[in-house]
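2 protein chains.
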Amino acid sequence: MKKNVLIVGAGAVGAVAAHKCAQHSDVFSSVCIASRTTTKCHDIIQEIHKKGHHPAEGFALLARSVDAYDTDALITLIRELNTDIVINVCTAFVNRFILDACMETGATYIDTAVHEDYDVMNASYPWYANFEWKKRDACKDKGITAILGAGFDPGVVNAYCAYAQRNEFDHIHSIDILDVNDGHHGRFFSTNFDPEINLREIIEDAGCLEDGKWRTYPHHSRSMEYDFPEVGSKKVYLMGHDEVHSLSVNIEGLQTVRFWMGFDDHYLNCVNVFKNVGLLNHQPVKVGDGQDVVPLHLLKACLPDPASLASNYTGKTCIGTLIKGTYRDQSKEVFIYNICDHEAAFADANSQAIAFTAGVPPVAAAILVANGSWDVKTMVNVEELDPAPFLTMLTQMGLSTQIRVMPVSGQVEREEQLCVCVPDLKAM
Amino acid sequence: MKKNVLIVGAGAVGAVAAHKCAQHSDVFSSVCIASRTTTKCHDIIQEIHKKGHHPAEGFALLARSVDAYDTDALITLIRELNTDIVINVCTAFVNRFILDACMETGATYIDTAVHEDYDVMNASYPWYANFEWKKRDACKDKGITAILGAGFDPGVVNAYCAYAQRNEFDHIHSIDILDVNDGHHGRFFSTNFDPEINLREIIEDAGCLEDGKWRTYPHHSRSMEYDFPEVGSKKVYLMGHDEVHSLSVNIEGLQTVRFWMGFDDHYLNCVNVFKNVGLLNHQPVKVGDGQDVVPLHLLKACLPDPASLASNYTGKTCIGTLIKGTYRDQSKEVFIYNICDHEAAFADANSQAIAFTAGVPPVAAAILVANGSWDVKTMVNVEELDPAPFLTMLTQMGLSTQIRVMPVSGQVEREEQLCVCVPDLKAM
Chain X
1 MKKNVLIVGA
11 GAVGAVAAHK
21 CAQHSDVFSS
31 VCIASRTTTK
41 CHDIIQEIHK
51 KGHHPAEGFA
61 LLARSVDAYD
71 TDALITLIRE
81 LNTDIVINVC
91 TAFVNRFILD
101 ACMETGATYI
111 DTAVHEDYDV
121 MNASYPWYAN
131 FEWKKRDACK
141 DKGITAILGA
151 GFDPGVVNAY
161 CAYAQRNEFD
171 HIHSIDILDV
181 NDGHHGRFFS
191 TNFDPEINLR
201 EIIEDAGCLE
211 DGKWRTYPHH
221 SRSMEYDFPE
231 VGSKKVYLMG
241 HDEVHSLSVN
251 IEGLQTVRFW
261 MGFDDHYLNC
271 VNVFKNVGLL
281 NHQPVKVGDG
291 QDVVPLHLLK
301 ACLPDPASLA
311 SNYTGKTCIG
321 TLIKGTYRDQ
331 SKEVFIYNIC
341 DHEAAFADAN
351 SQAIAFTAGV
361 PPVAAAILVA
371 NGSWDVKTMV
381 NVEELDPAPF
391 LTMLTQMGLS
401 TQIRVMPVSG
411 QVEREEQLCV
421 CVPDLKAM
Chain D
1 MKKNVLIVGA
11 GAVGAVAAHK
21 CAQHSDVFSS
31 VCIASRTTTK
41 CHDIIQEIHK
51 KGHHPAEGFA
61 LLARSVDAYD
71 TDALITLIRE
81 LNTDIVINVC
91 TAFVNRFILD
101 ACMETGATYI
111 DTAVHEDYDV
121 MNASYPWYAN
131 FEWKKRDACK
141 DKGITAILGA
151 GFDPGVVNAY
161 CAYAQRNEFD
171 HIHSIDILDV
181 NDGHHGRFFS
191 TNFDPEINLR
201 EIIEDAGCLE
211 DGKWRTYPHH
221 SRSMEYDFPE
231 VGSKKVYLMG
241 HDEVHSLSVN
251 IEGLQTVRFW
261 MGFDDHYLNC
271 VNVFKNVGLL
281 NHQPVKVGDG
291 QDVVPLHLLK
301 ACLPDPASLA
311 SNYTGKTCIG
321 TLIKGTYRDQ
331 SKEVFIYNIC
341 DHEAAFADAN
351 SQAIAFTAGV
361 PPVAAAILVA
371 NGSWDVKTMV
381 NVEELDPAPF
391 LTMLTQMGLS
401 TQIRVMPVSG
411 QVEREEQLCV
421 CVPDLKAM
């Protein structure tokens, strides 16, 4: 039976998710986009209609206004729409309210980032255990499917780890998630997703597991060069990131798991100015005429809407997982990755690659829940699920997976598109 | 007879003016500091009391709240206090309201910057003629003394030109006003006076008179190195500045008059980021929750209060006027300048040198109005007045004048403290 989907969040990622749901009207009977202001939802629907898809008969695209901090309002909306699956691509501050609404109504919950508390910078480790995992037993008891961190990173990179664990390694020692954008949007400065989340995140301490111990470093205090497929050599900086925590728990015997993101000098210079002047503060300051204004909110209002970058974006992203361990008593190293082209993302879903890579995977997850293969009736992180149908579905949806296998010498041993053998998903 | 002074504006410059008035209780019977919020006025009064001066008997230091955009409120205040002299060191947006109040009440008007219209960036030439000079005839008719631009630059640098015209040259061809701060406040980024005025001003086009023609250049598009006395070689950038206009009119036969200010690379980098991101916009933007916020006002709220820099400021400023022309048929070049030490300014008036150099001159002018030597009963710019008593008074008040005379070869011919011969001002 086809499913009703509710997408909470009408930003750049929400738009991609809506486009992708609309492309799968064979799986979904209705898709509702909900946001504080419905104009953004209507704009997305209009863009989808312009794409000229021919959805299955009876498929409905809806727009609703909702305050995602209001669990009761969310419950009402979920019930009104007879929602089967909620895709939360709203700000990470609202995760727990949406999760609560799903647990109350029985709807499946899918998100793309760990919950954040607005007032807390540098949230103390262990991150998923601060909010989501406290509800794990209750989800299991109620038979609620809750898939946490099902974007690209976290999400697809976690599936890469699960794939490697099952197919490439006997034992994994270390995981380095590497995320670079070799794209050009032509604007002076822009974040590629919600500036509020992005600019908070990159000035937070970088937490990671190293040699079996949880460690914390000042932001941007550690960097390395890495020679990426297609986009070439890039400087990446250690950052804290959701999946570092869940992987450290879920990949047995793991000694090291880190997240690294690429930044160019201009980007870091701007962030450095913003930070040092106090523009990244998320607590209000008193402005001349008595207004209380949050500097980060004003900065966000000045910066480009990430969704607006898409039409002029060129270049590619490369996001992957560098995994080291042993296979048949030999040391082994693989880099499993995706290359996403900004222009191809725009052609497919009016998006840039960053929003595309974040917005496609939760829809893939929703499809797998709809067809039963991921409808696990409990709370999981992506690495706990079978990666095969997910990676296959992602390839079909425009996010293919490549694998580069290196022996210890550092030379590439083999490099190929990852072809996960699963039956035709539509037949499942 | 002693005079009652009203200082409008309780920022860093207003504080210096108040300190200096309090040090001259032989000339002034009362000094009132007026601002939108009286707490700032009371704070200044407290600081003055802490300095432990022994004012003349009956001398009063007062604080009042006033909206400087409200001419009627200003008139009421001037009348209530029986004000003889108004020193306007408030934002340049309010000049015309304060001038109107003085013209209505007969009080002397002294300011330090040309009027600016809030909504207008890159105000069209001729600047003083847009507002102030339109009232010149009316001032003359009513016998109102109005001294325009009586800070340091404009102000003292204009007096340097008048001095040079009277004493050093037969004919002046060109004037370059040079303003550098070789000080260190230890903060990541700060303006040295009102960020709103400063950050607007430095991204405006640079207007100047060159070879007899009025020209406009994009901001920071022209620069030069100049080897300053005491502070050494500095890079200065062409900017538009009030005095360029009035000097171009008042110094006969002048072919070139320009203003140059020193900026280091870090300062310009920050300004470049602010500007390109839209943080220098003075029109409101809509922030997430519906607030209308002026980016420049939020930025101002984040930046240090210029007055707060004073206690830790080290180093010196050098502001001067490089004048070229002929004397007795020989080419001649002089640089007339002041060196102001940040720490000395703090010892004298709890100020940094930028606020000190801006706040002392209007008080010197007020003293000269009080003793009759500058009580001209009309509207003038500083270069139209006798510079001798002004420069003498400034030396007594902590701002001495140096002169470096160079023959055409570029070598220094003589360098000395400028000693203007006027009788003891207190005896006048």
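So the protein lines, in turn, are chains X and D.
Using UniProt numbering, read the first sequence as starting at 1 and increasing by one per residue.
Using UniProt numbering, read the second sequence as starting at 1 and increasing by one per residue.
Beta carbons: idealized from backbone N, C-alpha and C, even for Gly.
Keep in mind the model is a prediction, meaning the values are calculated, not measured.
### Query
If you follow the beta strand (DSSP E) that Q417/X is part of, which residue opens it and which one closes it?
Where Q417/X is concerned, the enclosing beta strand (DSSP E) starts and stops at 414–417.
### Query
In or out: R328/D buried (at least 16 other Cβ within 10 Å) or exposed?
R328/D comes out exposed.
### Task
Measuring alpha carbon to alpha carbon, tell me which of F28/D, C90/D, G320/D ends up nearest I197/D.
Selected option, being the one with the closest Cα: C90/D.
### Residues that D242/D bridges to, as DSSP identifies them
Partner(s): none; D242/D has no beta bridge.
### Query
Of the residues that make up the segment 177–201 of chain D, which ones have a beta carbon closer than 8 Å to any beta carbon in chain X?
Close to chain X, meaning a Cβ-Cβ distance shorter than 8 Å, are the following residues of the segment 177–201 of chain D: F188, F189.
### Query
Thinking C-alpha only, which one of D348/D, A370/D, W260/D, V157/D is nearest D205/D?
Distances from the CA of D205/D to each of D348/D, A370/D, W260/D, V157/D were compared; the closest alpha carbon is that of W260/D.
### Task
Return the CA-CA distance between N4/D and Q165/D, expressed in angstroms with no decimal places.
Using only the alpha carbons, I get a separation of about 34 Å.
### Message
Considering only DSSP beta bridges, list what H171/X is partnered with.
### Response
Per DSSP, T326/X.
### Task
Within 10 angstroms of the Cβ of T216/D, are there 16 or more other Cβ atoms? Answer buried if so, exposed if not.
T216/D should be labelled exposed.
#### Entry: 6 Å CB neighbourhood of E333/X in its chain, flanking five on each side removed
Its chain contains K324, M406 as the residues whose beta carbon lies nearer than 6 Å to that of E333/X, once the 5 sequence neighbours on both sides are disregarded; these appear in chain order.
### Query
What residues from chain D crowd round V293/X, counting only those whose CB sits closer than 9 Å?
Ordered by position in chain D, the residues that pass the 9 Å Cβ test against V293/X are V287, Q291, V293, H297, L298, A301.
### Query
Could one say the Cβ of C270/D lies closer than 9 Å to chain C's Cβ atoms, at least one of them?
Note that chain C does not occur in the displayed structure, where the protein chains are X and D.
### Query
Comparing the C-beta of D43/X with each C-beta of chain D, is any distance below 9 Å?
No, no contact with chain D.
### Message
Let me check one thing: in DSSP terms, what residues is V405/X bridge-paired to?
### Response
For V405/X, which the question treats as bridged, DSSP gives the partners V334/X, R414/X.
### Message
Need the endpoints of the beta strand (DSSP E) that M393/X sits in, please.
### Response
In this chain, M393/X is not harboured by any beta strand (DSSP E); it is covered by the alpha helix (DSSP H) spanning 387–396.
### Query
DSSP beta-bridge partners for Y217/X?
In the DSSP output, where bridge partners are listed per residue, Y217/X has A206/X.
### Query
So, helix, strand or coil for F346/D, using DSSP?
When secondary structure is reduced to three states using DSSP, F346/D falls in the helix class.
### Query
For a contact meaning CB atoms closer than 9 Å, what does G9/D contact in chain X?
The premise fails here: G9/D is roughly 14 Å from chain X at the closest Cβ pair, so nothing lies under 9 Å.
### Query
Is the segment 351–363 of chain D touching the segment 291–298 of chain D, taking contact as three or more C-beta pairs under 8 Å?
Judged by Cβ distances under 8 Å, the segment 351–363 of chain D makes no contact with the segment 291–298 of chain D, as fewer than three pairs qualify.
### Message
So with CB distances below 8 Å, who are the chain X contacts of V66/D?
### Response
Those within 8 Å of V66/D in chain X number zero; the least Cβ separation is about 16 Å.
### Task
Within its chain, find whatever has a CB closer than 6 Å to the CB of F131/X; leave out the 5 residues flanking it on each side and keep chain order.
The residues R96, H115, in chain order, have a CB closer than 6 Å to that of F131/X in the same chain once the five nearest residues on each side in sequence are set aside.
### Query
Is the segment 61–81 of chain X touching the segment 93–107 of chain X in the sense that three or more CB pairs, one from each, lie closer than 8 Å?
With the rule of 3 Cβ pairs closer than 8 Å, the segment 93–107 of chain X counts as touching the segment 61–81 of chain X.
#### Entry: Simplified DSSP assignment, three categories, for E132/D
In this structure, E132/D counts as helix in the three-state DSSP scheme.
#### Entry: Pick from E415/X, L279/X, N181/X that is closest to K316/X, judged by C-alpha positions
Nearest option by C-alpha distance: N181/X.
### Message
Looking at chain X, is there any beta carbon in it that lies within less than 9 Å of the beta carbon of N276/D?
### Response
Taking Cβ atoms only, chain X reaches closer than 9 Å to N276/D, which makes this a yes.
### Message
Taking contact to mean 3 or more Cβ pairs, one atom from each stretch, closer than 8 Å, check whether the segment 36–48 of chain X and the segment 56–74 of chain X are in contact.
### Response
Pairwise C-beta distances place the segment 36–48 of chain X in contact with the segment 56–74 of chain X, as three or more of them are shorter than 8 Å.
### Query
Is F97/D helix, strand or coil by DSSP?
Looking at F97/D - three-state DSSP - the assignment turns out to be helix.
### Message
Helix, strand or coil, according to DSSP, for M121/D in the structure here?
### Response
Note: M121/D maps to coil in three-state DSSP.
### Message
For V249/X, list the residues DSSP reports as bridge partners.
### Response
For V249/X, DSSP assigns no beta-bridge partner whatsoever.
### Query
For R258/X versus I203/X, is the C-beta distance shorter than 9 Å?
No, these two residues do not count as a Cβ contact at 9 Å.
### Task
From the DSSP output, in three-state form, read off H53/X for me.
Per DSSP, reduced to three states, the secondary structure at H53/X is coil, with no helix or strand assignment.
### Short Cβ contact (9 Å threshold) for G398/X with A345/X
In contact: G398/X and A345/X (Cβ atoms closer than 9 Å).
### Task
Give, in chain order, every residue of the segment 304–317 of chain D whose Cβ lies closer than 9 Å to some Cβ of chain X.
Residues: none.
### Task
State the Cα-Cα distance for the pair A310/D and Q46/X, rounded to the nearest angstrom.
Distance between the alpha carbons of A310/D and Q46/X: 57 Å.
### Query
First and last residue of the alpha helix (DSSP H) that includes N269/D?
Segment 265–277, the alpha helix (DSSP H) holding N269/D.
### Task
Determine, using beta carbons only, whether L148/D and S246/D come nearer to each other than 9 Å.
Judged by their CB atoms, L148/D and S246/D are nearer to each other than the 9 Å cut-off.
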